[in-house]
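For reference, the structure is listed below as structure tokens.
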């Protein structure tokens, strides 16, 4: 009896997850967005499977339209909506992996001393306006749809 009940619950849970359709607000968020800072533009990508990554373009122009793989993503994690609040949970594990790759020939002492520490960050941003071009948050910050990348 317990096995039949466990199978039923597992099947019901799988069916619920498989049938989850993104909300209209989730559909608007999915995609690539950018923000401007003193030194340039940052990029954040929200995927339909609720993953998120944030990074920066190359310092030098490659002489061709930018591709997603041209960006250096230093943070990654997940995102979700809680009503009209965008919640991102990210860490800097991509930054650490990049450091490990670039410093693979350095001495072990240098690698240990300079290796970034894992940092986890949860942000909650209330969305006050969103359309196909812009997301505006209650704290006054905003994101612009990044359409300049292939």
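Numbering (this note's numbering), first residue to last: 83 to 232.
Note that the Cβ used here is the ideal one computed from N, Cα and C, for glycine as well.
This structure is a prediction, so every number in the text was calculated from the model and none was measured.
If you draw a straight line from the C-alpha of residue i to the C-alpha of residue j, how long is it?
| i | j | result |
| --- | --- | --- |
| residue 148 | residue 139 | 8 angstroms |
| residue 126 | residue 188 | 31 angstroms |
| residue 110 | residue 170 | 16 angstroms |
| residue 106 | residue 164 | 13 angstroms |
| residue 200 | residue 157 | 10 angstroms |
| residue 146 | residue 230 | 11 angstroms |
| residue 204 | residue 160 | 10 angstroms |
On a Cα-Cα basis, can you pick out the residue from the options that is closest to residue i?
| i | options | result |
| --- | --- | --- |
| residue 143 | 122, 128 and 127 | 122 |
| residue 211 | 224, 203 and 204 | 224 |
| residue 108 | 186, 155 and 213 | 213 |
Can you list, in chain order, the residues of its chain whose CB lies under 7 angstroms from that of residue i, leaving out five sequence neighbours each side?
| i | result |
| --- | --- |
| residue 130 | 104 and 112 |
| residue 208 | 166, 167, 219 and 220 |
What's the call for residue i, buried or exposed, on a 16-neighbour Cβ count within 10 Å?
| i | result |
| --- | --- |
| residue 137 | buried |
| residue 239 | Outside the shown range of the chain, which is 83 to 232, sits residue 239, and nothing can be said about it. |
| residue 133 | exposed |
Residues in its own chain within less than 6 angstroms of residue i by CB, not counting five upstream and five downstream?
| i | result |
| --- | --- |
| residue 202 | 173 |
| residue 185 | 193 |
Under 8 angstroms Cβ to Cβ from residue i, same chain only, skipping five residues before and after it: list those, please.
| i | result |
| --- | --- |
| residue 115 | 125, 126, 127, 128, 217, 225, 226, 227 and 228 |
| residue 182 | 193 and 197 |
### Query
What residue ranges within the region 117–202 form continuous beta strand (DSSP E) runs of no fewer than 3 residues, ordered along the chain?
122–128, 133–138, 154–164 and 167–173
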